[in-house]
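Report on the following structure.
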Ligand SMILES: [Zn+2]
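Numbering (the numbering used here), first residue to last: -6 to 162.
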């Protein structure tokens, strides 16, 4: 029997959470709007949101551009409600360790580990016949896709293998 703990792989972000809260409050109106083409749950790539963060860095006079971890954290934050974002003091207040999968002869059992997110679909292949560009929320193109859900809002998003880490426990 093999046991895996899965977690979103996450480095240091180069923005200050407090500084971008107003931007997040503004963006979640579109991100959570199921009538919008930019509704996060229906996106297969997230460049529109990444560009917003790029513009924020530029307007703030930052010399660096956001990195993949910044993009990842930014989109994760956008899956929460305004009330939840208001309560966050640090990026680490997001609870990212989300599921324990146990593989045995009869299949795989899953157990929630009290996280804000859960895996809805694991390791599905991007349809190569589609001309669509599939990216992880960190902006990297992906072929093997994990669909995750924010448990509080039901917002769905996709990540690739690089940003989701199975490791033996
Ligand atoms: Zn990624």
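Even for Gly, the Cβ is constructed at its ideal location relative to N, Cα and C. What you are looking at is a predicted structure, and each value in this text was computed from that prediction instead of being measured.
Per DSSP, the bridge partner or partners of residue i
i: residue 141; result: 112 and 150
i: residue 97; result: 100
i: residue 118; result: 137
Three-state secondary structure assigned by DSSP to residue i
i: residue 202; result: The structure shown has nothing for residue 202, since the chain only spans -6 to 162.
i: residue 82; result: coil
i: residue 104; result: strand
i: residue 135; result: coil
i: residue 155; result: helix
i: residue 130; result: coil
i: residue 188; result: As shown, the chain starts at -6 and ends at 162. That puts residue 188 outside it, with no answer to give.
i: residue 6; result: coil
i: residue 61; result: helix
i: residue 76; result: helix
i: residue 11; result: helix
i: residue 20; result: helix
i: residue 34; result: helix
i: residue 39; result: coil
7 Å CB neighbourhood of residue i in its chain, flanking five on each side removed
i: residue 84; result: 6, 10 and 66
i: residue 41; result: 31
i: residue 47; result: 58 and 59
Own chain residues within Cβ distance below 6 Å of residue i, not counting five before or after
i: residue 134; result: 128
i: residue 43; result: 64 and 132
i: residue 53; result: none
Distance cut-off 6 Å: residue i Cβ against heavy atoms of ligand 2
i: residue 62; result: What this structure holds is ligand 1, not ligand 2.
Cβ-based neighbour list, residue i, same chain, cut-off 8 Å, excluding 5 preceding and 5 following
i: residue 45; result: 16 and 20
i: residue 138; result: 114, 116, 117, 118, 119, 127, 151, 152 and 153
i: residue 146; result: 25, 72, 73 and 74
i: residue 130; result: 39, 64, 65, 68, 69, 150, 151, 152 and 156
i: residue 57; result: 7 and 50
i: residue 79; result: 14
* Asked: Is the segment 9 to 24 touching the segment 74 to 87 in the sense that three or more CB pairs, one from each, lie closer than 8 Å?
  -> They touch, by the three-pair rule.
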